[in-house]
Amino acid sequence: MNWEKLLSEQRIRKSSKKDPNQALRKDIRNEFESDLGRIIYSPALRRMHDKTQVFPLTTDDNIHTRLTHSNEVMSLGYTFGLKCAISKKIQDRTNKTESELFRIIPVILQSVCLIHDIGNPPFGHFAEDIIANYFNEIKNNPFIPKDAISAFENLDNHQKNDFIHFDGNAQGLRVVTKLQYLDDIFGLNLTYSILGSYLKYPNYYAVEISNDKRKELKKRNIGQGKHGVFYSEKGFYEKIVKECILKKASNETIRHPLCFLMEAADSIAYRVMDIEDGFSKKYVTIEDFEEAFYKSSSGIAKEILKICSRKDCNDGNKIVFIRIKLIDYLVNLAFENFETNLEKIEKGTYHKELIEDDENGIDEILKKICATKIFNTREINYLETTGYSVITGLLNHYISQLFHSKKGFSNRSLPLISCSIREVALEEDLQNIIENKYKKITNDNFTESQQSNYKKLKQKIEDYIQEIKSWESQEEIDHKEWKRLKKEILEDFQDLDNAIDFTDLSDYYKFRVIVDFISGMTDKFALTHYQKISGQKID
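The numbering of the sequence shown is the working numbering, which starts it at 541 and goes up by one.
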């Protein structure tokens, strides 16, 4: 692997930060530090404060939300970054000094750890299954119009897979590359190194892949375990893979090495802190730890048991001491595995999580505690059932309204959807829209001015399409000409009494808008919004 490319400072769109004529030229941060700032101030990150980690809709402020979890993952990622900076192996590969690496890898890992869950829908990981199952069974849904069902069934395989195999990781790539909309379609416009490190499942399949088939693929390549990239992000994904050189000679795409460390930081945080939340909820006790670690003869197990038997502190303090021991052990284990297996990671032949590769089996012990003591509790099942009703109800409502044959229905529901989400979809589908719309325009009753604009419009459309095609060969896209053409084309269509709106979107992007909107909701907003549109609650 080429570490210069793995740590690329380039972006998909050329950044104004590099423009000497901009005020930003006084910014003393490097590109990676700039990325971290963009992420921290983004609305998508802020909304994670009211998204479920394990316990949905909890009123207990001591329990983790998706944001507090991500902050802890970021802290662990930073630790891994510091370890990378002082690693002789990494210094040799990057041809950089310890002091140079301190402002690169730790910051990259902070950023990618902060956004690792940014695409997750409300009500936790269970909601991913709700959305996927909804579309998998859409043809039997009696609550939506037949036209909507036909529209979905007529999508091509990969477009359908985006919904049938909906995944928060793929949605997260969409959030950071597009949905954090300012005035163009490039989202936060993060560096390739951060986008590459984010790709936990760097795969794009245009055919149906069953869950059993994915399990087999994951054994051969850990990055194939889930549907990793949506149809809508295929172009950006290919640019990321090309810039970071993540494609092997065999044409197989492999993970960015830093992705393994992000994954380890995530796993350590949720394995340990989910149990701490379980203790706060009184589902996990010190006796459960004693029982879980009693059969292990490892050094770390003996240390845990020693803490459990202490008489000089209460159980709340014991849990904190256990957490400190476990995190220290797992962080050192993960980084040792990373360094030891770095050559295999670079070749794409290492297919384990870093904390799973452990002769003491600590990850398995923690996993078992979570499965038996926390995840199947009545509280979680009750609230996840609420989540099912809310998300299914929202999908039924918006699909029924926006695919209704009478425009009055969509006109009432469309304004409820974030304007920026609609803008992104229109920009993504604009080439298809303007080509089709131009063909349908009749110019019989145009004024002289409109006739002139109509004739010029064809050339503008051709120029626009050519500009989009040129992006494929640009390492960093210069979008100024694209923005100019887009503005003129939209104005020309409006002048011709054919303004472009939601109804012009292809069916795929109509479904995309609905899922983007719902998956971006917080838990409380989703619940309240569902209650309002279903008539259960009126302000």
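The beta carbon of each residue, even a glycine, is placed where N, CA and C say it ideally should be.
Small disclaimer: the values here were computed from a predicted structure and weren't measured.
Which same chain residues, not among the five before or five after residue i, have their C-beta less than 8 Å away from its C-beta?
i: LEU585; result: ILE579, LEU607, SER610, LEU654, ILE655, ILE658
i: ILE862; result: PHE829, ILE844, ILE847, CYS848
i: GLU1015; result: GLN550, GLU783
i: LEU997; result: TYR978, ILE1029, ASP1032, PHE1033, LEU1036
i: ARG795; result: LEU739, LYS740, PRO742, ILE762, GLY763, LEU786, ILE885, GLY888
i: GLU869; result: Strictly speaking, residue 869 in this sequence is Tyr, with Glu absent from that position. Within the same chain, TYR869 has close Cβ partners ILE840, ILE902.
i: ILE689; result: ILE678, LYS679, ASN681
i: TYR581; result: none
i: GLU638; result: ALA625, ILE626, GLN631
List the DSSP bridge partners of residue i.
i: LYS679; result: In DSSP, LYS679 forms no bridge with anything.
i: ILE1017; result: ARG553
i: LYS787; result: THR793
i: THR605; result: THR592
i: THR731; result: ARG551
As a quick exercise: from the options, pick the residue whose alpha carbon is nearest that of residue i.
i: GLU1012; options: TYR777, ARG760, ILE645; result: TYR777
i: ASN936; options: ILE630, GLY617, ILE671, TYR738; result: ILE671
i: GLY933; options: PHE683, LEU597, ASN701; result: PHE683
i: GLN650; options: ALA804, LYS1072, TYR869, ASP903; result: ALA804
i: ARG1024; options: GLN1034, LYS1000, GLU1015; result: LYS1000
i: TYR744; options: GLN764, GLU831, THR731, LEU730; result: GLN764
i: PHE770; options: LEU801, ALA710, MET802; result: ALA710
i: ASN791; options: ILE961, PRO742, PRO797; result: PRO742
i: PHE875; options: GLY768, ASP601, MET802, ASN701; result: MET802
i: THR605; options: ASN660, GLY617, ARG569; result: ASN660
i: ASN697; options: TYR1070, TYR1048, SER615, LYS1077; result: TYR1048
i: LYS915; options: ILE815, ILE961, PHE620, GLU544; result: According to the sequence shown, residue 915 is Phe rather than Lys. Comparing Cα positions, the closest option is ILE815.
i: ILE808; options: ILE973, GLU893, LYS1077; result: GLU893
i: ARG587; options: PRO685, VAL715, GLY948; result: VAL715
i: GLU896; options: LYS554, PHE800, ASN729, THR598; result: PHE800
i: ASP806; options: PHE620, LEU970, GLU831; result: PHE620
i: GLY664; options: LYS718, THR598, GLN699; result: THR598
i: SER555; options: HIS1019, SER1010, GLN1071; result: HIS1019
i: GLN699; options: PRO685, ILE1073, PHE1051, HIS1069; result: PHE1051
Given a threshold of 16 other Cβ atoms within 10 Å of its Cβ, counted over all protein chains shown, does residue i qualify as buried or as exposed?
i: GLY712; result: buried
i: VAL823; result: It is Tyr, not Val, that sits at residue 823 in the sequence shown. By the neighbour-count rule (16 or more Cβ atoms within 10 Å), TYR823 is buried.
i: ARG952; result: exposed
i: ALA740; result: Sequence inspection shows Lys at residue 740; the Ala mentioned does not correspond to that position. By the 10 Å Cβ count, LYS740 comes out buried.
i: ASN857; result: exposed
i: GLN720; result: buried
i: LYS766; result: buried
i: CYS1080; result: Any property of residue 1080 remains undetermined from this structure, which presents the chain solely from 541 to 1079.
i: ALA841; result: buried
i: GLU612; result: buried
i: PRO646; result: buried
i: GLY617; result: buried
i: ASP600; result: exposed
i: ASP1079; result: exposed
i: SER837; result: exposed
i: ALA667; result: buried
i: PRO583; result: exposed
i: ASP702; result: buried
i: ARG918; result: exposed
i: ASP567; result: exposed
i: TYR623; result: Rather than Tyr, the amino acid found at residue 623 in this sequence is Lys. It is buried - the Cβ of LYS623 has at least 16 other Cβ atoms within 10 Å.
Just checking residue i against the ligand GTP - is the residue's beta carbon closer than 7 Å to any of the ligand's heavy atoms?
i: PHE675; result: Absent from the structure shown: the ligand GTP. Ligands present: none.
Output needed for residue i: all residues of its chain with C-beta closer than 6 Å, excluding positions within five of it in sequence on either side, in chain order.
i: ASN681; result: none
i: LEU866; result: VAL812
i: PHE642; result: ALA625
Can you list, in chain order, the residues of its chain whose CB lies under 7 Å from that of residue i, leaving out five sequence neighbours each side?
i: THR731; result: SER548, GLU549, GLN550, ARG551, GLU571, PHE572, ASP575
i: ASP687; result: PHE943, SER945
i: ILE603; result: PHE595, ASP817, SER820
i: GLY691; result: Sequence inspection shows Ala at residue 691; the Gly mentioned does not correspond to that position. Within the same chain, ALA691 has close Cβ partners PHE943, ASP1047.
i: LYS774; result: TYR744
i: GLU968; result: ILE725, SER772, TYR1049
i: LYS913; result: GLY818, TYR823, VAL824, ASP828
i: ILE1017; result: ILE552, ARG553, LYS554, TRP1011
- prompt: Counting pairs of beta carbons, one from the stretch 1053-1061 and one from the stretch 700-719, are three or more of them closer than 8 Å?
  reply: Contact between the stretch 1053-1061 and the stretch 700-719 is established, with three or more Cβ pairs separated by less than 8 Å.
- request: Could you say if the stretch 838-852 and the stretch 936-951 meet the contact criterion of at least three C-beta pairs nearer than 8 Å?
  value: Two segments are said to touch when three or more pairs of C-beta atoms, one from each, lie closer than 8 Å; by this definition the stretch 838-852 does not touch the stretch 936-951.
task: Take every Cβ of the stretch 729-749, pair it with every Cβ of the stretch 771-790, and state whether three or more of those distances are shorter than 8 Å.
output: With three or more CB-CB distances shorter than 8 Å, the stretch 729-749 counts as touching the stretch 771-790.
message: Under 8 Å, with one C-beta from each stretch per pair, do the stretch 622-634 and the stretch 669-685 reach the 3-pair mark?
response: The stretch 622-634, when compared against the stretch 669-685, does not touch it at the 8 Å Cβ threshold.
message: Taking contact to mean 3 or more Cβ pairs, one atom from each stretch, closer than 8 Å, check whether the stretch 1057-1066 and the stretch 1001-1009 are in contact.
response: They do not touch, by the three-pair rule.
query: Are at least three pairs of beta-carbons, each pair with one atom in the stretch 590-602 and one in the stretch 917-930, less than 8 Å apart?
result: A contact exists between the stretch 590-602 and the stretch 917-930.
message: Is it the case that the stretch 897-904 contacts the stretch 630-637, given that we only count it when at least three CB pairs across the two stretches are under 8 Å?
response: Contact fails between the stretch 630-637 and the stretch 897-904, because fewer than three Cβ pairs, one in each stretch, are under 8 Å apart.
message: I want to know whether the stretch 1065-1079 touches the stretch 717-732 - three or more CB-CB distances under 8 Å.
response: With a cut-off of 8 Å, the stretch 717-732 and the stretch 1065-1079 do not count as touching, because too few Cβ pairs lie within range.
query: How about the stretch 974-986 and the stretch 1020-1040: do they share at least three Cβ pairs that are nearer than 8 Å?
result: Judged by Cβ distances under 8 Å, the stretch 974-986 makes contact with the stretch 1020-1040, as three or more pairs qualify.
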